[in-house]
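What the sequence shown shows, in the working numbering, is residues 36 to 652, in sequence order. First the structure, in the form of structure tokens, and then the observations on it.
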Amino acid sequence: METVVTKNRNRDKVILNSAPMEGIKIDGFMGEYLQRAVDITIPSQYEMLEQTGRIDNFRVCSGKSGKHKGYIFNDSDVYKWLEAASYAMLFSKNNRLKGLLSKLVDEIAAAQSPDGYINTFYCGKESERWSNLAANHEMYCLGHLISAGITNYRATGKKKLFHVALKAAKHLVKMFGAKESPATPGHPAIEMALVELYRETEDKRYLDLAVKLIERRGKGALGGSEYLIDHKSFVELREVTGHAVRMLYLCSGAADVYSELGNESLLKTLELLWDNMTGRKISVTGGVGARHEGEAFGEDFELFSHTAYNETCAAIASFMWNWRMFLISGNSKYVDLMEKTLYNAILVGISFDGKRYFYDNPLENRGDHRRQEWFDCACCPTNIIRILTSFPGYIYSISEKDIWVNFFENGEAILPFGESFVKISQITNYPWSGKVNFEVETEIEKAFSIYLRIPEWAKEGFTITVNSEEIEPVIEKGYARIKGVWKGKRYIEMDLMMKINPIVANPLVRENVGKIAITFGPIVYCAEGNDNLGVADIWNLFVNRREGPKIEYIPNLFGGINVIKGKGKALKTENWDKKLYKSYEKNEYIETSYKLIPYFLWANRDESPMCIWLNSF
36 METVVTKNRN RDKVILNSAP MEGIKIDGFM GEYLQRAVDI TIPSQYEMLE
86 QTGRIDNFRV CSGKSGKHKG YIFNDSDVYK WLEAASYAML FSKNNRLKGL
136 LSKLVDEIAA AQSPDGYINT FYCGKESERW SNLAANHEMY CLGHLISAGI
186 TNYRATGKKK LFHVALKAAK HLVKMFGAKE SPATPGHPAI EMALVELYRE
236 TEDKRYLDLA VKLIERRGKG ALGGSEYLID HKSFVELREV TGHAVRMLYL
286 CSGAADVYSE LGNESLLKTL ELLWDNMTGR KISVTGGVGA RHEGEAFGED
336 FELFSHTAYN ETCAAIASFM WNWRMFLISG NSKYVDLMEK TLYNAILVGI
386 SFDGKRYFYD NPLENRGDHR RQEWFDCACC PTNIIRILTS FPGYIYSISE
436 KDIWVNFFEN GEAILPFGES FVKISQITNY PWSGKVNFEV ETEIEKAFSI
486 YLRIPEWAKE GFTITVNSEE IEPVIEKGYA RIKGVWKGKR YIEMDLMMKI
536 NPIVANPLVR ENVGKIAITF GPIVYCAEGN DNLGVADIWN LFVNRREGPK
586 IEYIPNLFGG INVIKGKGKA LKTENWDKKL YKSYEKNEYI ETSYKLIPYF
636 LWANRDESPM CIWLNSF
């Protein structure tokens, strides 16, 4: 049994496959996040699931006295926790976690109806089941149950939760698999799960149902709602719209369907939607879903900083969709966006100590936006740990002939390849340094290629040596292809030359005209008031583009990070007194210095204002 993020069956429609996670160990930057998730975040989230009644809902459903607590979709938080904890078992021998997993699976199994239906909100309300597909999240919850069941089976070898998921999926096929059924879910997620269940079981009924659920959109089953992406058929869509998480989970499911069946109209639509999102509707951090109202995508170039919603779950949905597009195409642009999204739009959603969370992620704030221990709607916390614990599965990809290195992370991987294995060790301090050393070891005598991703920000500056000899590799779809006979041990040194890069926005993003955002490698930086006490208001800070800022590594800040320091000036505001407007006169400034930290680390100290987009001169 191999644990993979996705298990594609149709090798004709995908270029690459996920690498099994069992042989991958990481202990660098993301490895620390993974370890914190195992040691701190997963146990603390379990306590919150207990305290808020989410787990007790299953006990009530199986006979314990009491009433359902919380939202109609609360079961999904339990299932996502289960999925993350199952991944964690690959990297942890924690007996308490193992016991919690086993006990929770028993609780869920006991709550399932004989016909396979399971949703704790509808226990004792059989006549109300499936009565409102637009709003009631039943299929959404089952999607997360099925995903958890598959992951638990792959990671632990135990079948109990998988059988619960299988029974629920059979019930779903019975209820909605008929050709004449108009049913489709108000909140996608089930589509990805059904395709993955088909991949695991080879039972085509699940793939067929996923296809039908996508094809039924735009026919009025959900009232023609744009928020629910029912205003058009999927293949008629030309812009990402509506609720951001729904939209991108739907895209992920459609990409999965394409991967197995090869419907070219699906792929064309997905590519057009990706172009629309990345060209008009995405923040510099990779965050998506600009509007608080409806947690939705806005109009083209509607990318305000202070009111940016950028839900953490939407960033995770984008990450998942881009992974599927990458496996289909082998194009690095999808992993480039995954990297940007991970380091900036996802990691900002969890505190450095692993105990608190952001639901929404503005690009500037007066200091009153703080991470919370939990939420009544707790989709984001449990979603984050799914990404953190599954991250090793995204680092490498494999084809029948070659190996791809997608992410750079200290650690080692033993990858099954052909009829043998290839061991790849990475030594790096990425993302703080662009230097990555690889040790490749194998007994394979035949030549094959190793593809190293060259991030978009490093396209104009990188070097690669093999056994101390510099090479000029062929670049294919953003990857440096290094072909050779790797038998024995060989060494690759790659230097992605990181530099401070001022970013400007399209002038149609009106509020950012004249401003810059500053990046270093894949990391987006921000000014936080804590670090700029000499500036009365960070919104009045102007950074000097001519006297370039400098990077400085500070080992005792957040475990060791790069900060950016530079010279600038601050607008004097004393002469405004209490006036809101006055006649124009030349502004007065004071000379000052400034310090920027990675955006994903903001709000980990005392309350403090923050902004990404800075005035410049």
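Even glycine gets a Cβ: it sits at the ideal position worked out from N, Cα and C.
Cα-Cα separation, Ser294 to Ser651: 46 Å
Rounded C-alpha distance that separates Gly234 from Leu362: Looking at the sequence shown, residue 234 is not Gly but Arg. About 15 Å.
Residues near His341 by beta carbon distance below 8 Å, same chain, minus five either side: Excluding sequence neighbours, His341 sits near Pro397, Leu398, Glu399 and Asn400.
Straight-line gap, Thr477 to Phe452 (C-alpha atoms, nearest Å): 10 Å
Where Gly259 falls, given that 16 or more other Cβ within 10 Å makes a residue buried: Exposed, by the Cβ-count rule.
Outcome for Lys600 when other beta-carbon atoms lying within 10 angstroms are tallied against a minimum of 16: With fewer than 16 Cβ atoms within 10 Å of its Cβ, Lys600 is classed as exposed.
Simplified DSSP assignment, three categories, for Phe211: helix
Exposure of Leu568, with buried meaning 16 or more beta-carbon neighbours within 10 Å: exposed
Test item: CB-CB of Phe354 and Ile381 under 8 Å: yes
Three or more C-beta pairs below 8 Å linking the region 129-146 and the region 97-113: yes
C-beta atoms of Lys512 and Gly365 nearer than 8 Å: yes
For Ser111, the three-state DSSP class (helix, strand or coil): Under the three-state reduction of DSSP output, Ser111 falls in the helix class.
Buried versus exposed, by CB contacts within 10 Å (16 or more), Thr463: buried
Asp641 (DSSP reduced to helix, strand or coil): coil
Closest Cα partner of Lys368 within the set Val598, Pro55, Arg46 and Ala493: Ala493
Spatial distance of Met312 from Leu283 (CA atoms): Rounded to the nearest angstrom, the two C-alpha atoms are 10 Å apart.
Alpha-carbon to alpha-carbon, Gly277 and Gly221: Distance between Gly221 and Gly277, taken at the CA atoms: about 12 Å.
Endpoints, the beta strand (DSSP E) within which Ser432 is located: Counted as a single uninterrupted DSSP element, the beta strand (DSSP E) harbouring Ser432 occupies residues Tyr431 to Ile433.
Spatial neighbours of Arg240 in its chain, beta-carbon cut-off 6 Å, leaving aside the 5 residues before and after: Val208
For Thr500 and Gly469, the rounded distance between their alpha carbons: 14 Å
Length of the line joining the Cα atoms of Asp141 and Ile153: 14 Å
Residue environment, Gly674, which counts as buried when at least 16 other CB atoms sit within 10 Å: An answer regarding residue 674 cannot be provided, because it is not within the stretch 36 to 652 covered by the chain.
Neighbourhood of Asn43 by C-beta distance below 6 Å, restricted to the same chain and skipping five residues each side: Val49, Asn52 and Ser294
Run of the alpha helix (DSSP H) containing Ala146, from where it starts to where it stops: Asn130 to Ala146
Distance between beta carbons of Thr424 and Ala203, contact taken as under 8 Å: Actually they are not in contact, since the Cβ atoms of Ala203 and Thr424 sit about 23 Å apart, beyond 8 Å.
Reduced DSSP secondary structure (H/G/I, E/B, other) of Tyr152: coil
Three-state class that DSSP yields for Ser268 in the structure shown: coil
Opening and closing residue of the beta strand (DSSP E) in which Val475 lies: Lys470 to Thr477
Alpha-carbon spacing of Glu563 relative to Glu546, whole angstroms: 19 Å
For Leu487: DSSP bridge partner residues: Val440 and Ala515
Exposure of Tyr175, with buried meaning 16 or more beta-carbon neighbours within 10 Å: buried
Own chain partners of Lys585 with C-beta closer than 6 Å, once the 5 adjacent residues on each side are dropped: Lys600
Identified DSSP bridge partners for Lys524: In the DSSP assignment, the residues bridged to Lys524 are Glu476.
Cutoff 7 Å; reference Phe387; Cβ partners in own chain excluding five residues on either side: Answer for Phe387: Phe593, Leu636 and Asn639, listed in chain order.
Short Cβ contact (8 Å threshold) for Glu226 with Gly288: Contact flag set, yes.
Coarse secondary structure for Val32, derived from DSSP in three states: The chain is shown from 36 up to 652; residue 32 falls before or after that span and cannot be answered.
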